[in-house]
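Trainee: Numbering (the working numbering), first residue to last: 664 to 888.
Every residue, glycine too, gets a C-beta built ideally from N, C-alpha and C.
Have a look at this one before I ask anything.
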């Protein structure tokens, strides 16, 4: 047998042996990317919420909880579970899960925003400022952080600080409707009522802030009569 024939024979033997090994061995276990699993459950949540799909949101919540057990070091899974805990009113679980998410990924802006919101709702303004200012250093180009700093300054009665934060948020592309409503609140707090009415009038009818803007505008108009 010449060298070429020997090589072909050896290759054929190797191929046949390999096929036997793969055919008789166990099937490989395919592990799906946890991020893909998370996105699928969140998409399912949106479809159920919008009525596009029939289903029980509790099943989605259970699936996310299971993911958190399987992937305890996945920051976005921890954050997703925190949002469910928040909507169900479990403040302690929300805070715990958000702290976990931010330990795993300190740059997770959405977790920071919710952590600050919970702190503001609990009246812990110093904590809200701490988490927001820490995140602004890491992600200075996120408009939502500056909007939240504006809301915090408003709660602290620092109305000039609120205006400055909203100006920064505008430069970074924050939604105009939300900015108009929040500027209306600040102007109203500063007793600049005509300016506040103008801001409320600027909130478009299709905006989620429109109903609140109309309500506050009517109250101001009634006050000036």
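Check whether the Cβ atoms of residue 725 and residue 704 sit closer than 7 Å, and answer yes or no.
Mentor: As a working note, residue 725 is residue 62 in the chain shown. As a working note, residue 704 is residue 41 in the chain shown. No. Outside cutoff.
Trainee: Under 7 Å, do residue 843 and residue 806 count as touching if we go by C-beta distance?
Mentor: Residue 843 sits at position 180 when you count from the first residue of the chain shown. Residue 806 sits at position 143 when you count from the first residue of the chain shown. It is not a contact, given that the beta carbons lie outside the stated cut-off.
Trainee: Would you identify the three-state DSSP class for residue 622, choosing helix, strand or coil?
Mentor: Here the chain has residues from 664 to 888 only, and residue 622 is not among them.
Trainee: Between the segment 822-838 and the segment 855-868, are three or more C-beta pairs nearer than 8 Å?
Mentor: no
Trainee: Less than 8 Å between the CB atoms is what I'm expecting for residue 847 and residue 876, so what's the real figure, rounded?
Mentor: Within the chain shown, the letter at position 184 stands for residue 847. Within the chain shown, the letter at position 213 stands for residue 876. Confirmed, about 7 Å.
Trainee: Over the uninterrupted alpha helix (DSSP H) stretch that includes residue 817, give me the two end residues.
Mentor: Position 154 of the chain shown, counted from the first residue, corresponds to residue 817. 806-818 is the extent of the alpha helix (DSSP H) around residue 817.
Trainee: Might you give, ordered along the chain, the residues of its own chain that have their beta carbon closer than 6 Å to the beta carbon of residue 852, omitting 5 neighbours on each side?
Mentor: Along the chain shown, one-based indexing puts residue 852 at 189. Within the same chain, residue 852 has close Cβ partners 822.
Trainee: Going by DSSP, what residue range makes up the alpha helix (DSSP H) through residue 736?
Mentor: Numbered from 1 along the chain shown, position 73 holds the residue referred to as residue 736. Per DSSP, residue 736 belongs to no alpha helix (DSSP H) and is neither H nor E.
Trainee: In this structure, how does DSSP classify residue 800 when only helix, strand and coil are distinguished?
Mentor: Position 137 of the chain shown, counted from the first residue, corresponds to residue 800. If DSSP states are grouped into helix, strand and coil, residue 800 belongs with the helices.
Trainee: Flag this pair as yes or no: are the beta carbons of residue 769 and residue 737 separated by less than 7 Å?
Mentor: For the purposes of this step, residue 769 is taken as residue 106 along the chain shown, with counting starting at 1. For the purposes of this step, residue 737 is taken as residue 74 along the chain shown, with counting starting at 1. Contact flag unset, no.
Trainee: Using the beta-carbon count (16 or more within 10 Å), is residue 813 buried or exposed?
Mentor: Taking the chain shown and counting its residues from 1, one reaches residue 813 at position 150. Buried, by the Cβ-count rule.
Trainee: Mapping the DSSP letters down to three states, classify residue 791 as helix, strand or coil.
Mentor: Residue numbering aside, residue 791 sits at position 128 when the chain shown is read from its first letter. It is helical.
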